[in-house]
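Numbering of the sequence shown is given in the working numbering, commencing with residue 727 and proceeding in unit increments. All C-beta atoms, glycine included, are put in the ideal place defined by N, C-alpha and C. Following: one structure in structure tokens, then a few remarks.
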Amino acid sequence: MLAVVVASAAALVATSLSTPAQASAPSAQAGTTTTTTSKTSKAGKHDRAWRAHAALVRAQKAFSPATPAKERPDATLALRKLWLLKDSLSPAERAAAEKLASRPDKPANTGAADPNILVHYDPAEINPAAFDANTALATLKNVADTYAGSGYRRPKPDKGRGGDDRIDIYLDTLPAGLYGYCTTDQSIKSTATKFDVWAFCVLDNDYAGFPPQHTPLQNLQVTAAHEYYHATQFAYDIADDGWFLEATATWAEDELYDSVDDNYQYLRNSPITKPGRPIDKFESNGTFHYGVWIFFRYLTEHYPAKTGAMPTLLLQMWQNADSSKGPRKDLFSVQAINKALKKVGHTSLAAQFAAFSAATPFPTSFSEGAGEATHPAYPSKKLSGSAALGAHKKKNFKAKLDHLSSATYEFVPGGGTSKLKLRFKMAPKSHGSRAVVVVVSTTGAILQTKNIKVNRRGVAGKKVLFDATVGKVQVTLVNASSNVFDCYRHTNNPISCSGKARFDNQRALLNAKAA
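Now the structure itself:
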């Protein structure tokens, strides 16, 4: 977890290493995925060794005091990728990797016992003006018990490492720009088929030198929520898609400490500001995957049923992604999301992504946006085009849409109009083509929201209100496909399962005519 949005994000895992081991038959359906190889398969000994070396270099950069805070990679995913590839390092490099992933040498706090957490720290390094060790333990206990009380699996026992089987949390002085990290020192073989592992975490001991908009305690709170969620994820599958791990961990911050709003910094590089970027794209040198947390917040607002204190929907996603039952039941990111949405809401990832894409220009249309629309860090949706149309005037827009991306166009009545005739010519429906039209009054109220059903060829037509009561009409074109194939063969492809998107670069034509 990084201190500022411009910092280089957790970019290490440009690939996920998780998938069912048995290939499934190819499918042309937009909302399905096609898996063609196992997560334990290798792209080649040389390629794996090269990637392992690159992972070591990246992890060393994450911890080097010489790395500027704005350029520091996220340590959690840096160490994760390094550990998953460690067996392909040379002996000297393997020793360096093990040193990077080693536990800090800090004494355990035996005076404040908790049955699930063991905190380690040097009393001389604790700054009581920031927070004391008891406050840190109380914060961690709140986070851990909230997750467990909400149905999540507790982090796995570590066979006595760090003193006993409890998860070990170390308070230490970390390099500038690094809030904290979690990792594992459990051995993971290259032939592994299960990736549920124990974890330990390291958090900064006072957050001195961090941006002043939050107190040290607030930084501790959101870091504990974020990093401990990673430790929880690791108990299901440490090797799932990096974008899914980071977006859901950032979402968890907001669930436990909603008033801190540290995750708003990531909205400047998110599906709101970059709707043309697939939401499952992991940025090697950016923070987009953090910003995708707003999509999960949108989902849990619309499907708010809870287990304990937290929405059941995300719990079920991670239960679907559980690798402990073997590769046949181990779903990766988009598969896990889609299955959870079908169970909880009788809906789909495709339908909800289209609805989300149309809602983001209107932050007051959902609770998180409504409460924070005036927040200085809350951005405006980027439009792909706009036009003012008087009577009998028309305008055409063209788009090329990658999977899980969208483009929004705005039309404003120019006077003397009553209806807006819309014509859609998109890629075939089976490629994920969807569209949503939102009619907005002159006062900013949403008058109508219409889901456009394109036919199998991707064609549709619609008339909507366009008179003096209308301030604008927004039309969102969507490629809602999550169909990927050739999983885990394309090691430098930073989308779900390191696969290829079956329906990228899909053409869409929108014709609008005022009447």
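*Report back the beta-carbon spacing between residue 960 and residue 881 to the nearest angstrom; my notes put them in contact at under 8 Å.*
The residue you call residue 960 lines up with position 234 of the sequence shown. The residue you call residue 881 lines up with position 155 of the sequence shown. About 7 Å; that satisfies the 8 Å criterion.
*Could you spell out the range, first to last residue, of the beta strand (DSSP E) harbouring residue 1070?*
Position 344 of the sequence shown, counted from the start, is the residue given in the question as residue 1070. It is not in any beta strand (DSSP E) - residue 1070 instead sits in the alpha helix (DSSP H) that spans 1059-1071.
_Taking the alpha carbon of residue 1148 as the reference point, which residue from 935, 773 and 1200 has its own alpha carbon closest?_
Mapped onto the sequence shown, residue 1148 falls at position 422. Taking only the C-alpha atoms, the option nearest residue 1148 is 1200.
*Please specify which runs of the alpha helix (DSSP H), each continuous and at least 4 residues long, are wholly inside the region 856-941, giving them in chain order.*
859-875
*When the Cα of residue 864 is compared with those of 886, 807, 848 and 835, which residue comes out closest?*
Working through the sequence shown from its first residue, we reach residue 864 at position 138. That would be 835, whose Cα lies nearest to the Cα of residue 864.
*Are at least three pairs of beta-carbons, each pair with one atom in the region 1159-1174 and one in the region 1187-1207, less than 8 Å apart?*
yes
*Just the Cα atoms here: how many angstroms apart are residue 1234 and residue 1188?*
What you label residue 1234 is simply residue 508 of the sequence shown in a count that begins at 1. What you label residue 1188 is simply residue 462 of the sequence shown in a count that begins at 1. Approximately 16 Å between the Cα atoms of the pair.
*Three CB pairs or more closer than 8 Å across the region 1059-1076 and the region 1032-1045*: yes
_Pairs of beta-carbons, one from the region 1054-1063 and one from the region 1215-1233, closer than 8 Å: are there three or more?_
yes
*CB contact flag (residue 778, residue 815, <8 Å)*: Residue numbering aside, residue 778 sits at position 52 when the sequence shown is read from its first letter. Residue numbering aside, residue 815 sits at position 89 when the sequence shown is read from its first letter. Yes, the Cβ-Cβ distance between residue 778 and residue 815 is below 8 Å.
_Short of 6 Å in beta carbon distance, which residues of its chain neighbour residue 851, apart from the five on each side in sequence? Order them along the chain._
For the purposes of this step, residue 851 is taken as the residue at position 125 of the sequence shown. Closer than 6 Å at Cβ, skipping near neighbours: 931.
*Near residue 746, what residues of its chain come up, given a Cβ to Cβ distance below 7 Å and the 5 sequence neighbours on each side ignored?*
On the sequence shown, position 20 is the one that residue 746 refers to. Note that residue 746 has pLDDT 36, beneath the 50 cutoff, so the model's placement of it is unreliable and the number below is only indicative. Within the same chain, residue 746 has close Cβ partners 761, 1053, 1054 and 1056.
*asked:* Taking only three categories from DSSP, how would you classify residue 1095?
replied: The residue labelled residue 1095 in the question sits at position 369 within the sequence shown. Three-state DSSP puts residue 1095 in a helix.
*Taking the alpha-carbon positions, what's the residue 1119 to residue 1240 distance?*
By one-based count along the sequence shown, residue 1119 stands at place 393. By one-based count along the sequence shown, residue 1240 stands at place 514. Their backbone Cα atoms lie some 6 Å apart in a straight line.
_Classify residue 1109: buried if its beta carbon has 16 or more other beta carbons within 10 angstroms, exposed otherwise._
Counting from one through the sequence shown, the residue named residue 1109 turns up at place 383. Under this definition residue 1109 is an exposed residue.
_Stretch pair the region 965-974 + the region 1074-1093: three plus CB contacts closer than 8 Å_ = no
*Measure the CB-CB distance between residue 1131 and residue 1177 and report whether it falls below 8 Å.*
Mapped onto the sequence shown, residue 1131 falls at position 405. Mapped onto the sequence shown, residue 1177 falls at position 451. Not closer than 8 Å, so no.
*Kindly indicate the opening and closing residues of the alpha helix (DSSP H) around residue 824.*
In the sequence shown, residue 824 corresponds to position 98, counting from 1. That run of the alpha helix (DSSP H) goes 817-826.
*residue 1048 versus residue 953: straight-line alpha-carbon distance, rounded*: Mapped onto the sequence shown, residue 1048 falls at position 322. Mapped onto the sequence shown, residue 953 falls at position 227. The alpha-carbon atoms of residue 1048 and residue 953 are separated by roughly 18 Å.
_residue 790 burial status per 10 Å Cβ neighbour count (16 or more: buried)_ = Position 64 of the sequence shown, counted from the first residue, corresponds to residue 790. Label assigned to residue 790: exposed.
*Expressed to the nearest angstrom, what Euclidean distance is found between the alpha-carbon atoms of residue 860 and residue 846?*
Locating residue 860 in the sequence shown gives position 134, where the first residue counts as 1. Locating residue 846 in the sequence shown gives position 120, where the first residue counts as 1. Each residue's Cα considered, the two are about 11 Å apart.
*According to DSSP, is residue 1054 helix, strand or coil?*
On the sequence shown, residue 1054 is found 328 positions in, with the first residue counted as 1. Residue state, collapsed to three classes: helix.
*With distances taken Cα to Cα, identify the nearest neighbour of residue 855 among 874, 839, 832 and 933.*
For the purposes of this step, residue 855 is taken as the residue at position 129 of the sequence shown. For residue 855, the nearest C-alpha among the options comes from 933.
*Three-way DSSP call (helix, strand, coil) for residue 1126 in this model*: Along the sequence shown, one-based indexing puts residue 1126 at 400. Three-state DSSP puts residue 1126 in a strand.
*Between the beta-carbon of residue 1018 and the beta-carbon of residue 986, is there less than 8 Å?*
Residue mapping note: residue 1018 aligns to position 292 of the sequence shown, counting from 1. Residue mapping note: residue 986 aligns to position 260 of the sequence shown, counting from 1. It is not a contact, given that the beta carbons lie outside the stated cut-off.
*Of all the options 1191, 925, 1020 and 843, which has the alpha carbon lying nearest to the alpha carbon of residue 1083?*
Position 357 of the sequence shown, counted from the first residue, corresponds to residue 1083. Cα-wise, what sits closest to residue 1083 is 1020.
*Mapping DSSP to helix, strand and coil, what is residue 843?*
The residue you call residue 843 lines up with position 117 of the sequence shown. The answer is strand: DSSP assigns residue 843 an E or B state.
_Tell me the residue span of the beta strand (DSSP E) that contains residue 793._
As a position in the sequence shown, residue 793 is number 67, starting the count at 1. Per DSSP, residue 793 belongs to no beta strand (DSSP E) and is neither H nor E.
_Give me, in chain order, the residues of the same chain whose beta-carbon lies closer than 6 Å to that of residue 1107; leave out the 5 immediate sequence neighbours on both sides._
Taking the first residue of the sequence shown as position 1, residue 1107 is located at position 381. Contacts found: 998, 1086 and 1087.
*Taking just the CA atoms, how far does residue 950 sit from residue 811?*
Here residue 811 is taken as the residue at index 85 of the sequence shown, counted from 1. Here residue 950 is taken as the residue at index 224 of the sequence shown, counted from 1. Roughly 27 Å separates the two Cα atoms.
*Could you check how far apart the C-beta atoms of residue 907 and residue 782 are, in whole angstroms? I think they sit under 8 Å.*
The sequence position of residue 907 within the sequence shown is 181, counting from 1. The sequence position of residue 782 within the sequence shown is 56, counting from 1. The pair is not a contact, with the Cβ atoms about 16 Å apart (cut-off 8 Å).
*State the Cα-Cα distance for the pair residue 862 and residue 935, rounded to the nearest angstrom.*
For the purposes of this step, residue 862 is taken as residue 136 along the sequence shown, with counting starting at 1. For the purposes of this step, residue 935 is taken as residue 209 along the sequence shown, with counting starting at 1. Going by the C-alpha atoms only, they are around 18 Å apart.
*Who are the near neighbours of residue 848 in its chain, counting only those whose CB is closer than 6 Å to its CB and skipping five residues on each side?*
As a first step, residue 848 is located in the sequence shown; it is residue number 122 there, counting from the start. Closer than 6 Å at the Cβ level, and outside the excluded window around residue 848, lie 832.
*How many whole angstroms separate the CB atoms of residue 891 and residue 884, which I take to be in contact at a CB cut-off of 8 Å?*
By one-based count along the sequence shown, residue 891 stands at place 165. By one-based count along the sequence shown, residue 884 stands at place 158. Right, the Cβ-Cβ distance comes to about 6 Å (below 8 Å), so this counts as a contact.
_Given this structure, state the Cα-to-Cα distance separating residue 1033 from residue 1039, to the nearest angstrom._
Position 307 of the sequence shown holds residue 1033. Position 313 of the sequence shown holds residue 1039. Distance between the alpha carbons of residue 1033 and residue 1039 is about 9 Å.
_Do residue 1079 and residue 1115 count as a contact pair if the criterion is CB distance below 8 Å?_
Position 389 of the sequence shown, counting from 1, holds the residue named residue 1115. Position 353 of the sequence shown, counting from 1, holds the residue named residue 1079. Cβ atoms of residue 1115 and residue 1079: not closer than 8 Å.
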